[in-house]
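Input: a single structure, listed below in structure tokens.
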Ligand code: SAH
Ligand code: SF4
Ligand code: F3S
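In the working numbering, the protein residues as written are 54 to 490.
Shown next as structure tokens:
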């Protein structure tokens, strides 16, 4: 009988894409994927270390697996991704049920590691392999409408607060030809949307093809003209006119940009080592809005980074009012030992104040989102239907190209269809409407 593997994924879209790569590697070696720890011979937690609560979450998950492991000593437990790469072998001491730990560059060795561990030894592979891009592996994806293609891995930016450069290693890109091939395969399989992924996609570079990210994006869009194309994440300092041009030149590239700003204050951005000022960021936003009418923007923000004064916080609020994002993903600063902020700056904003500032940001942003979404009432928007709505089986849920969630009456439409929907209602997170007849 084939062995069963259950993979649980935490963290960002890169980790989701990596779980699909791991599934492909394990299937080749004779495993079948399953969706329940109770059935599994191997449980893998693919983990995130970006904030302390992400790590705590994994330790809780491991606690929950304890009973199962006691009842079935043959059950193997592996922790993959960013937590083991960040905590290294010390992770073994944090939970006695871990058999295997493997970092993001070690997935080709998973099976060998698991079989070694099944002989009773705890094993680890935390090597950085700076050329590993898994370009030759076709990920095993769950059925659906939307697929990820990782185009680059790692990050060379070293923002002061961030563990990613330590967990993911140096930047490296996949050959453009392998990305185009995968996009074609996805289109043939009927996927309606492809998201090109990287911690910093603007750094994509295929040396042999002499292609940077704008060239790649343009080529993918032209190769699969019937598929919606998205990409994430763009670093503001590398957001170029050529990239904006590529978005404008292809109707299937979604007219939306996720542009993490982290703070609206130039002094804070300098302490965060982001490589740009508030003014430079706003200039880029202006350039994007001018070249791409109707574009929607989203961002990431951190509240309570070391030394954040009330004035700096207020500059973040004023930036939100200036830019008017559709969405903002907001986080309280979490000290990550080993990063330059943790080594050099004191975590001096009290937890309660971080939360208070975060709430202020969230309240302001919710109001802005609501206003923007309300302005869609009466308009007809194009929606890519994704799935049945959670509220009712007579409704479908999908997204506009600007990533706004839309719930609408199903009529005879199916997931995968592009539907023109007239918007009737709006909240700060969802639009509701009916298909245009
Ligand atoms: N590469 C992407 C995303 C990195 S992680 C980028 O550059 O934008 C996703 C988000 O987590 C970041 O944008 C940041 O807002 C947040 N984040 C990263 N480290 C953090 C920390 N130590 N504390 C709180 N939030 C953090
Ligand atoms: Fe982290 Fe900065 Fe790299 Fe993003 S660009 S992954 S925030 S170091
Ligand atoms: Fe988390 Fe690693 Fe992604 S730390 S945000 S899973 S790159």
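Here a beta-carbon is modelled for each residue, glycine too, at the ideal position from N, C-alpha and C.
Shortest alpha-carbon distance to residue 454 belongs to which of 437, 489, 373?
437
In chain order, which alpha helix (DSSP H) runs of at least 4 residues are fully inside the segment 257–304?
266–276, 294–302
Any idea which residues DSSP pairs residue 487 with across the strands?
475
Secondary structure of residue 55, DSSP reduced to three states:
coil
Please classify residue 451: does DSSP put it in a helix, a strand, or coil?
strand
Buried/exposed call for residue 480, threshold 16 Cβ in 10 Å
exposed
Can you name, in chain order, every residue of its own chain whose Cβ lies under 7 Å from the Cβ of residue 163, other than the five neighbours on each side?
75, 78, 79, 155
For residue 73, does the count of other Cβ atoms within 10 angstroms reach 16, so buried, or fall short, so exposed?
buried
So who's on the other strand from residue 200, going by DSSP bridges?
247
Separation of residue 151 from residue 107, as counted between CA atoms:
17 Å
Among the residues of its own chain, which have a CB less than 8 Å from the CB of residue 271, if the five just before and after it don't count?
299, 302, 303
Going by Cα to Cα distance, which pick from 214, 417, 206, 120 is closest to residue 67?
206
From which residue to which residue does the alpha helix (DSSP H) around residue 426 run?
404–427
Burial state of residue 211, where buried means 16 or more other Cβ atoms lie within 10 Å:
exposed
Report the residue from 293, 202, 167, 456 whose alpha carbon sits nearest the alpha carbon of residue 94.
167
Over what stretch of residues does the alpha helix (DSSP H) that includes residue 392 continue unbroken?
No alpha helix (DSSP H) holds residue 392; DSSP gives it neither H nor E.
Do the segment 416–423 and the segment 367–377 meet, that is, are 3 or more Cβ pairs less than 8 Å apart?
yes
Per-residue burial, residue 105 [other beta carbons within 10 Å of its own, 16 or more giving buried]:
exposed
Residue(s) in a DSSP beta bridge with residue 354:
315, 383
Beta-bridge pairing of residue 481 - partner residues as DSSP gives them
Note: residue 481 sits in no beta bridge, so no partner.
In whole angstroms, give me the CA-to-CA distance for residue 133 and residue 478.
43 Å
Could you check how far apart the C-beta atoms of residue 297 and residue 344 are, in whole angstroms? I think they sit under 8 Å.
5 Å
Enclosing alpha helix (DSSP H) for residue 120 [first to last residue]
105–124
Should residue 68 be listed as close to ligand 1, given that the test is whether its C-beta is under 8 Å from any heavy atom?
no
Checking 9 Å against the spacing of the C-beta atoms, do residue 287 and residue 310 come in under that value?
yes
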